[in-house]
Amino acid sequence: MEEKQILCVGLVVLDIINVVDKYPEEDTDSRCLSQRWQRGGNASNSCTVLSLLGAPCAFMGSLAPGHVADFLVADFGQRGVDVSQVAWQSSGETPCSCCIVNSSNGSRTIVLYDTNLPDVSAKDFEKVDLTRFKWIHIEGRNASEQVKMLQRIEQHNARQPPEQKIQVSVEVEKPREELYQLFGYGDVVFVSKDVAKHFGFRSAVEALRGLYGRVRKGATLVCAWAEEGADALGPDGRLLHSNAFPPPRVVDTLGAGDTFNASVIFSLSQGKSMQEALRFGCQVAGKKCGLQGFDGIVETSNNYKPREECLWAPAPSRDSSPVATGVSMWLSQLDRPVGRVPALWSGGAPGPKTAPALPPARPPYPWSR
1 MEEKQILCVG LVVLDIINVV DKYPEEDTDS RCLSQRWQRG GNASNSCTVL
51 SLLGAPCAFM GSLAPGHVAD FLVADFGQRG VDVSQVAWQS SGETPCSCCI
101 VNSSNGSRTI VLYDTNLPDV SAKDFEKVDL TRFKWIHIEG RNASEQVKML
151 QRIEQHNARQ PPEQKIQVSV EVEKPREELY QLFGYGDVVF VSKDVAKHFG
201 FRSAVEALRG LYGRVRKGAT LVCAWAEEGA DALGPDGRLL HSNAFPPPRV
251 VDTLGAGDTF NASVIFSLSQ GKSMQEALRF GCQVAGKKCG LQGFDGIVET
301 SNNYKPREEC LWAPAPSRDS SPVATGVSMW LSQLDRPVGR VPALWSGGAP
351 GPKTAPALPP ARPPYPWSR
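If you read the sequence shown in full-length UniProt numbering, its first letter stands for residue 1, the second for the next number, and so on.
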């Protein structure tokens, strides 16, 4: 039987990313170190990370036909992300953002042209075959419509045995009143630092204690707080914490929050505890901050040493992907911190010391320079 997927519902945009050595002054000319086109958007980025971690995943969001959509769909394909749930719109334009990434400190500045493209509606979501998915993650956007989607999932789950129920997570990232109704849905609720600060909270712990009353019974509330790590509060009332895992040098924080969310979801979907998932999320997000883009995040396993006898065991996942195998083996060894282990590689028998690098996940598009 084919393994069920993780579905991420939300935004996909074209990110035009300029990497600079320092943030430019207003009304000046300057050169960038590099420029690239990259598929962006919270739910879209989370799909990228899930796929890199070895999870079968699908994206649902709106696109308008055209050259930009062609690029985005091609990139989804290169990442192995299922786009059969995309809602193609007859009006509007696919959103685009211009991003400045300061390589000296990793900061990202985003200017989004959030076009007149309609968001995914509850009517669009009615077409989704829910039996294909084991987890559905919803990025808070048009919340009134998304509540209807979440209610449909609840109705579906009410008819299923426990082992067939879909796990649900929601993200409340923007401080907008409409989005706060989403707190009441989902098994896992991700609330952003920005929203927490908007409510007047000065730490993740304060935010969790102050906002937990908004989530439904049995849910877990999660809040990441950048360099302070991340915390979670569940129905048992225990506060969980993971420290951050900063890279030696922060170069690109664009998509770090999406990386954290996806890594937590991945870990929980593999049956790990919330404590393990928090730690994994912080580790992968930290790895991402030391990289331009997302390629290379699976090498997070270098922080932990799997047992020698199981490092190269056959993958227990849907295929023999060495990425899925390595991540799965590493997840089973989360409590064994040591130095560096061999990098994951693309095929063949593992050598004792060295291995060829993984191939790039997408071709070098001519407009990426």
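Just so you know, even glycine gets a beta-carbon here, dropped at the ideal spot from N, CA and C.
Beta-carbon proximity check, residue i vs residue j, cutoff 8 Å
i, j, result
"Cys8", "Ser62", "no"
"Ser269", "Gln167", "yes"
"Arg108", "Leu11", "no"
"Val111", "Ser97", "yes"
"Pro247", "Cys282", "no"
"Gln292", "Val250", "no"
"Gly286", "Phe245", "yes"
"Val298", "Leu33", "no"
"Ser30", "Val19", "no"
"Val49", "Asp187", "no"
"Phe183", "Val215", "yes"
"Ile17", "Gln5", "no"
"Glu227", "Ala204", "no"
"Asp75", "Arg132", "no"
"Cys57", "Leu254", "no"
"Lys22", "Ser104", "yes"
"Gln181", "Val147", "yes"
Per DSSP, cross-strand counterpart(s) of residue i
i, result
"Val83", "Answer is none; Val83 lacks a bridge partner."
"Trp225", "Trp225 is not bridged to any residue."
"Leu33", "Note: Leu33 sits in no beta bridge, so no partner."
"Asp15", "Gln38, Ser97"
"Gln167", "Trp135"
"Gln5", "Phe133"
"Leu233", "Leu221, Leu239"
"Ser62", "Ala87"
"Thr109", "Ile100"
Residue environment, residue i, which counts as buried when at least 16 other CB atoms sit within 10 Å
i, result
"Ala230", "buried"
"Thr28", "exposed"
"Trp330", "With a pLDDT of 42 at Trp330, under the threshold of 50, the predicted position of this residue should be treated as unreliable, though the coordinate-derived value follows. Trp330 should be labelled buried."
"Trp88", "exposed"
"Ser169", "buried"
"Tyr113", "exposed"
"Ser301", "Residue placement at Ser301 is flagged as unreliable, the pLDDT there being 40, under the threshold of 50; the coordinate-derived value follows with that caveat. Flag for Ser301 reads buried."
"Val338", "Legend: pLDDT at Val338 = 27, less than 50; position of this residue unreliable, value from coordinates given subsequently. Exposed, by the Cβ-count rule."
"Asp70", "exposed"
"His67", "exposed"
"Leu239", "exposed"
"Phe199", "exposed"
"Ser91", "exposed"
"Asn116", "exposed"
"Ser44", "buried"
"Ser192", "buried"
Assumed close pair residue i, residue j - CB separation to whole angstroms, cut-off 8 Å
i, j, result
"Leu179", "Ala207", "In fact, because the Cβ distance is near 15 Å, the residues do not count as touching under 8 Å."
"Ser242", "Leu211", "Incorrect: roughly 19 Å between the Cβ atoms, too far for contact."
"Leu130", "Leu72", "Not a contact, Cβ separation roughly 25 Å."
"Phe125", "Val86", "That pair is no contact at about 12 Å."
"Glu171", "Glu139", "5 Å"
"Val189", "Leu221", "5 Å"
Cβ-heavy atom distance, residue i to the ligand ATP, below 7 Å
i, result
"Phe245", "Although the ligand ATP was asked about, the structure shown includes no ligands whatsoever."
TODO: Counting only runs of 3+ residues fully inside the stretch 173-214, write out the beta strand (DSSP E) ranges in chain order.
DONE: Counting only runs that start and end inside the stretch 173-214, the beta strand (DSSP E) elements of at least 3 residues fall at 188-191.
- [ ] Let me know the alpha helix (DSSP H) ranges lying completely inside the stretch 239-303, each 4 residues or longer, listed in chain order.
- [x] Qualifying alpha helix (DSSP H) stretches, in chain order: 256-269, 274-289.
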